[in-house]
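Notes follow once the structure below has been shown.
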Amino acid sequence: MPLPSMQDQFAALIATPSVSCTQPSLDQSNRAVIDLLAGWLGELGFNCDIRQVSPGKFNLLASFGSGPGGLVLAGHSDTVPYDDALWQTDPLKLTEVDGRWVGLGSCDMKGFFALVIEAVQPLLDQPFKQPLLILATCDEESSMSGARALAEAGQPLGRAAVIGEPTGLKPIRMHKGIMMERIDILGQSGHSSDPRLGRSALEAMHDAIGELRGLRLLWQREFNNAQFSVPQPTMNFGCIHGGDNPNRICGQCSLEFDLRPLPGMDPSVLRAEILRKLNPVAERHKVKIDYKPLFPEVPPFEQAQDAELVRIAEKLTGHRAEAVAFGTEAPYLQRLGCETIVLGPGDIACAHQPGEYLEMSRLQPTVHLIRQLIEHYCLSPDKLV
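If you're matching positions, the sequence shown starts at 1 in UniProt numbering and goes up one per residue.
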């Protein structure tokens, strides 16, 4: 039985909801998307390994050929939440509008899998000297639990990995990390007429923020990478909550902040520095300070400029490898021994937006590019760039 066309596969993936969200009321299983991909790839002769990561959440690793080395084509099977009312079209229906394929996940990034399948089909009657692995992960849009589970399992994948996130078909070899942190300060409430009756968590937080701003300034002086549009690490104080009335000493205050470290900045070292600055604040104000991450960090990512994968991607695309501010699963695949880049057909500017789309003019160039990568790594692995 022949497979559906690339467009029909693309449409089927868009029509299969797989929202990943930290809010349980919006979160969905990705199993139906994984089953679609496993069905199509199984028909083509791929060995499909489906692994449960958590209830309702699954990874797929499909392989064609065997042995060490080879190429990993990777992406995530989930999408962000969506609001029907803000879309001009049905978000779960692939719609052609002004030369664009519009639909949730078209750009970021379920549609990438349909392009991969289109690219590989004409090559399957040739001998694969090294394997091709197609990886579909869960929960990239929230906890990155799928990629984390792979990294923790530690099983080597391939010689090279390409993640099809939206980069406008320009290779990306570097991105910042993502740390989302929370500070809770517990003091003692009391009547505002006499400061001795309490210990102000709000005043302690004022000093804590001062320490964080000092660290931010220090890190921005110490770390700089001109390849990023914002060349320094950033720290954003996103939200703060504390107290309940002007005539009460504030007994509790919490702060949530976002830190985007550059490659070369170790999140564990940064957290140790923050804690070292917070401890004296707690002692001085006689309050309790609890500091911890909201989510496990996404580490900064950097692939060496002279890596074979970077060089071949630059040659095939005609673009020099760049850096981006958004985070991906790249550091987790790199941890498994893969040379890794991020390279996909979408545009990040329309990702996570109503009306998300993929330019139809990018479809065939992407298929051609993926096919060339497969030929290089799987059919002619000894060929030098």
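Backbone N, C-alpha and C define an ideal beta-carbon position, used for all residues, glycine too.
Asked, Found
"Determine, using beta carbons only, whether residue 300 and residue 263 come nearer to each other than 8 Å.", "yes"
"Compute the Euclidean distance between the alpha carbons of residue 93 and residue 102, then round it to the nearest angstrom.", "8 Å"
"Which residue wins for smallest C-alpha separation from residue 206, given the options 91, 222, 183 and 195?", "183"
"Which residue or residues does DSSP assign as beta-bridge partners of residue 101?", "96 and 358"
"Run through DSSP, which three-state label would residue 2 get?", "coil"
"May I have a chain-ordered list of the alpha helix (DSSP H) segments no shorter than 4 residues that lie completely inside the stretch 9-74?", "31-43"
"In or out: residue 250 buried (at least 16 other Cβ within 10 Å) or exposed?", "buried"
"Give me the Cα-Cα distance between residue 113 and residue 303, rounded to the nearest whole angstrom.", "23 Å"
"Alpha carbon to alpha carbon, how far is residue 312 from residue 385? Give it in angstroms, no decimals.", "Because the pLDDT of residue 385 is 49, which lies under 50, any placement of that residue in the model is unreliable, and the number read from its coordinates should be weighed accordingly. Those two C-alpha atoms are separated by around 6 Å."
"Measuring alpha carbon to alpha carbon, tell me which residue in 78, 201 and 155 is nearest residue 143.", "78"
"Look at the Cβ atom of residue 42, then the Cβ atom of residue 64, and state whether they are nearer than 8 Å.", "no"
"By how many angstroms is the C-alpha of residue 82 removed from the C-alpha of residue 200?", "41 Å"
"Restricting to Cα atoms, I'd like to know which of 166, 231, 25 and 196 is closest to residue 356.", "166"
"Going straight from the alpha carbon of residue 154 to that of residue 337, what length do you get?", "9 Å"
"Alpha carbon to alpha carbon, how far is residue 59 from residue 133?", "13 Å"
"Okay, do the stretch 266-279 and the stretch 170-188 touch, 3+ Cβ pairs below 8 Å being the bar?", "yes"
"Given a threshold of 16 other Cβ atoms within 10 Å of its Cβ, counted over all protein chains shown, does residue 228 qualify as buried or as exposed?", "buried"
"List the endpoints of the continuous alpha helix (DSSP H) containing residue 205.", "201-222"
"Where does residue 247 land, buried or exposed, given buried means 16+ other C-beta within 10 angstroms?", "exposed"
"For the 8 Å Cβ check, are there 3 or more pairs between the stretch 212-220 and the stretch 228-244?", "yes"
"Along the alpha helix (DSSP H) that carries residue 111, what are the first and last residues, could you check?", "111-120"
"What are the start and end residues of each continuous beta strand (DSSP E) run of 3 or more residues lying completely inside the stretch 148-181, in chain order?", "160-163 and 172-175"
"Mind the definition here: the stretch 338-356 touches the stretch 155-164 only if three or more C-beta pairs lie below 8 Å; say whether that holds.", "yes"
"For residue 236, which beta-bridge partners are listed by DSSP?", "258"
"So, using beta-carbon positions, are residue 136 and residue 371 closer together than 8 Å?", "no"
"Residue 12 and residue 4 - do their beta-carbons sit closer together than 8 Å?", "yes"
"How long is the line joining the alpha carbons of residue 170 and residue 345, rounded to whole angstroms?", "8 Å"
"Comparing alpha-carbon positions, which option in 89, 193 and 80 lies nearest residue 109?", "80"
"Among residues of its own chain, excluding the 5 on either side of residue 100, which ones have a beta-carbon nearer than 7 Å to its beta-carbon?", "357, 358, 359 and 360"
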